[in-house]
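One structure below.
Protein chains: 4
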Amino acid sequence: MTVRRATSGGAVLRPRVTEAIVSATFAELAACGYARLSMEAVARRAGVGKAALYRRWSSKQEMLADLVRQAVADTLPPAPSTGAFRSDLRELLGELRDQVAAPVVADVVPTLLAELRHTPALAEVMQADVAGPRREVGVEMLRAAVERGDLPPSVDVDLAVDLLIAPLLFRVLVTGAACDDAYLDTLAAAVEAAVRATA
Amino acid sequence: MTVRRATSGGAVLRPRVTEAIVSATFAELAACGYARLSMEAVARRAGVGKAALYRRWSSKQEMLADLVRQAVADTLPPAPSTGAFRSDLRELLGELRDQVAAPVVADVVPTLLAELRHTPALAEVMQADVAGPRREVGVEMLRAAVERGDLPPSVDVDLAVDLLIAPLLFRVLVTGAACDDAYLDTLAAAVEAAVRATA
Amino acid sequence: MTVRRATSGGAVLRPRVTEAIVSATFAELAACGYARLSMEAVARRAGVGKAALYRRWSSKQEMLADLVRQAVADTLPPAPSTGAFRSDLRELLGELRDQVAAPVVADVVPTLLAELRHTPALAEVMQADVAGPRREVGVEMLRAAVERGDLPPSVDVDLAVDLLIAPLLFRVLVTGAACDDAYLDTLAAAVEAAVRATA
Amino acid sequence: MTVRRATSGGAVLRPRVTEAIVSATFAELAACGYARLSMEAVARRAGVGKAALYRRWSSKQEMLADLVRQAVADTLPPAPSTGAFRSDLRELLGELRDQVAAPVVADVVPTLLAELRHTPALAEVMQADVAGPRREVGVEMLRAAVERGDLPPSVDVDLAVDLLIAPLLFRVLVTGAACDDAYLDTLAAAVEAAVRATA
DNA sequence: TTCTAATCGAGACGGTACGTCCCGTCTTGCC
DNA sequence: GGCAAGACGGGACGTACCGTCTCGATTAGAA
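One line per chain: the protein sequences are V, C, S and P, in this order.
Numbering of the first sequence is given in our numbering, commencing with residue 196 and proceeding in unit increments.
Numbering of the second sequence is given in our numbering, commencing with residue 196 and proceeding in unit increments.
Numbering of the third sequence is given in our numbering, commencing with residue 196 and proceeding in unit increments.
Numbering of the fourth sequence is given in our numbering, commencing with residue 196 and proceeding in unit increments.
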């Protein structure tokens, strides 16, 4: 959260206004997408002066990044613990699918990805707050499976995690195809086989 | 190529100008990225009037899409035919990696993806000219393996092709990690196992 | 003075704050001029909240007008009474020169003049509190001269007063030229001749 | 005239647009006055983009100064030559009155005067283009009268010119009183007497 | 070779959004 | 209740691009 909070004496950013801005932003994003989103439209829809936006975020970029961060950060999927690798895998895929398929995410993430290579600060934040923790959940799941004897210790963890998330992102962000439960069932089987093959 | 060609009169879009624009565009893309790219900067860098751009493409969007199309179209990877599924797979991965890792592609594709859901025309073009043909190569490779008896006929072709391309895109566009030959070797093994598991 | 004074409750506009504001305003005026003067800068320089300003004056306009009124009001020049028209005239010119040449006045008056035609309330105040009393002093001086037999009764009082003040204002506000004593001597002679010519 | 004019090759500021802006500005000035005038309102009224204004003038200040300069510069009153000082004087007063009483002038000049002491560049321009030439006309008229033997050579030219213009400006800009022909007749008599008294 | 029509560079045009600054009001918590 | 601090809605500032348009000045195919 980038939002400043005064510590003493003076005025303070009012939460009602912040909420109005955030809702308006999501509404505009849904209507226009990131590239066409304008701060003026957000302010107008929120019934707020532009300055109220710039008091909270230093630019359009930063505001958007912060909103995605929020939308995604407090919904870190719990490490599944069904006791079996295959069902853990299936459960995690389901949770990731739910997050990735959320319209805000599907709409904004591609544009953030596009910005990553031109805005290192953004890249760091996304890595630290979004990608890292999710990756860690996958790593944890694999580690548990290894300890349980469900997977051999030689499994290629990095590749495994890639295989876990890449097809989901690909379908949602690139092909736009749906990820229904049946697809996830098949995907879980395929990923399990792939992971075992990397050992 | 979208470029119009006059049929009479004595004046034609001059190729030297077109070339200057294309080079300038790639240079600007490398320097700024898609989102920050401006037609005015391209024209300036190319030493060309803005009208010269709009005589060739009807908008910034279309120009960029067209350039990516060109950059990618004449480099459709040949269907591999080593005689074995595993080595076909490895070869195709290598070719795709080379294309996807090209800086122009890595720079522009994410921004085009971001536009897809707001510009159906762009989505169609990308699907028809970029994604479709590449997908077809993968489908062809799988079909050959089936005919050869290398894979069972029940293999899930769509999922297989997803697994083929998704991890590559993910590494190049999202994590920014390198895809060296060793990685591709492991990936090929993993994907093969996954594909067989979908049968 | 427009400043309200609370009569009950336990809180009163604190004079120290008022003084700080007034000094800060004069300092800012000197530094920026009226047009560029901002209430925020005044508050900042005075170490005071903006509300402290608006508790005392209802707007920037009114604050400035009030300050000029103060700067000028308690310095109404006394009607000269040397016993002779010419020396009365010279004395009054000297007093007016001293007032008009004061930096606050020279700085603020032109901008107030510029506002007059768009702010009738301001025009009234300036007329009643600033111009009127001064004009009256001149009228009084002329009347005394007439009674004394120093001037004929047919003298054009309005024009005479114009001639008295206009050249001073002109030099100070328009040309920026100095009004030294020698100039005033010559001017007194000229104005006397002009006044007598209007009879 | 500050307006740039391209000399070769490219596009050129279009006179129709310039005219529309100038008219719109005068209309807005009449409606709001200088201080309340906004570039956005001018652009709106002229049916023009803001950029069209800033292509011609670098700021609101400069635009206004330039417009006044134009409005006044090409209307330099001709040196009167009736053959007699008194009637020359009366004629010149009439011409000056007509110029000074023009609404544009009456509206804008006070604000320019207010800016003079904070914008030396503006002061120079106004001096060179507006005040100087008019002063010169007065000086010329006096010189002719001296040569003709109508005035003694010892006349105080500077003071005389001040007396010529100051009362007019005072009435129009400060008191807002009218300057009808009768007033000018009396004023001419008064000024003549004053001028002769300075000899 | 001459005609002629579209292209060329330059950049002005009407717009829209940017991010900043200030106005006059309101809110918070301290005195 | 005044006070310092400063957030609030509003609106103008001056800038940067968008995609279109208007200039003369090339430039090359058709006559």
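Using N, Cα and C, we set each Cβ at its ideal position, and we do this for glycine too.
Fair warning: this is a prediction, and the values are worked out from it, not measured in the lab.
Three-state class that DSSP yields for residue i in the structure shown
i: Cys227(S); result: helix
i: Arg209(C); result: coil
i: Ser254(V); result: coil
i: Ser282(C); result: helix
i: Ala297(V); result: coil
i: Ala274(P); result: coil
i: Ser233(S); result: coil
i: Val306(C); result: A small correction: the amino acid at residue 306(C) is Thr; Val does not occupy that position in the sequence shown. Thr306(C): helix per DSSP, three-state reduction.
i: Val243(C); result: coil
i: Asp269(V); result: coil
i: Thr220(V); result: helix
i: Ala318(S); result: helix
i: Ala260(C); result: helix
i: Arg391(V); result: helix
i: Ala215(C); result: helix
i: Arg292(P); result: helix
Residue burial classification, residue i (beta-carbon count within 10 angstroms, cutoff 16)
i: Val390(C); result: buried
i: Arg209(C); result: exposed
i: Leu385(V); result: Residue identity differs from the one stated: residue 385(V) is Ala in this sequence, not Leu. Ala385(V) is buried by the Cβ-count criterion.
i: Asp376(P); result: exposed
i: Gly228(P); result: buried
i: Ala394(V); result: exposed
i: Ala383(V); result: buried
i: Arg251(V); result: buried
i: Met196(C); result: Note that Met196(C) scores 43 on pLDDT, short of 50, meaning its location in the model is unreliable and no value can be drawn from it.
i: Thr306(C); result: buried
i: Ala392(V); result: buried
i: Asp293(P); result: exposed
i: Ala372(P); result: exposed
i: Glu310(S); result: buried
i: Glu387(V); result: buried
i: Asp380(P); result: exposed
i: Pro314(C); result: Residue identity differs from the one stated: residue 314(C) is Thr in this sequence, not Pro. Answer is buried; the Cβ neighbour count reaches 16.
Sequence-distant residues of the same chain with beta carbon closer than 8 Å to residue i, five excluded per side
i: Leu396(C); result: Here chain C comprises residues numbered 196 to 394, so residue 396(C) is not present and cannot be evaluated.
i: Ala215(V); result: Ala241, Gly242 and Val243
i: Ala296(C); result: Val367 and Cys374
i: Gly204(S); result: Its pLDDT being 48, under 50, Gly204(S) is placed unreliably by the model, and the measurement read from it follows with that caveat. Once the five neighbours on either side are set aside, Gly204(S) has no close Cβ partner at all.
i: Arg312(P); result: Ala318
Cβ shell of residue i (< 6 Å), same chain only, five flanking positions each side left out
i: Asp345(S); result: Phe280
i: Ala266(V); result: Val299
i: Val237(C); result: Ala219, Thr220 and Glu223
i: Arg264(V); result: Asp324
i: Asp351(C); result: Thr393
i: Pro347(P); result: Ala394
i: Ser349(P); result: Ala394
Own chain residues within Cβ distance below 7 Å of residue i, not counting five before or after
i: Val212(C); result: Val243 and Ala247
i: Met234(S); result: Lys245, Leu248 and Lys255
i: Ala268(S); result: Asp324
i: Val217(V); result: Leu262
Any 3 or more C-beta pairs closer than 8 Å across the region 281 to 291 of chain V and the region 358 to 368 of chain V = yes
With contact counted as at least three CB pairs below 8 Å, one residue from each stretch, are the region 295 to 315 of chain P and the region 210 to 229 of chain P in contact?
-> yes
At least three beta-carbon pairs within less than 8 Å, the region 317 to 324 of chain C to the region 313 to 329 of chain V = no
Meets three-Cβ-pair contact criterion under 8 Å: the region 273 to 280 of chain V and the region 333 to 341 of chain V = yes
Mind listing, in chain order, the continuous alpha helix (DSSP H) runs of no fewer than 4 residues lying wholly within the region 329 to 384 of chain V?
-> 352 to 364
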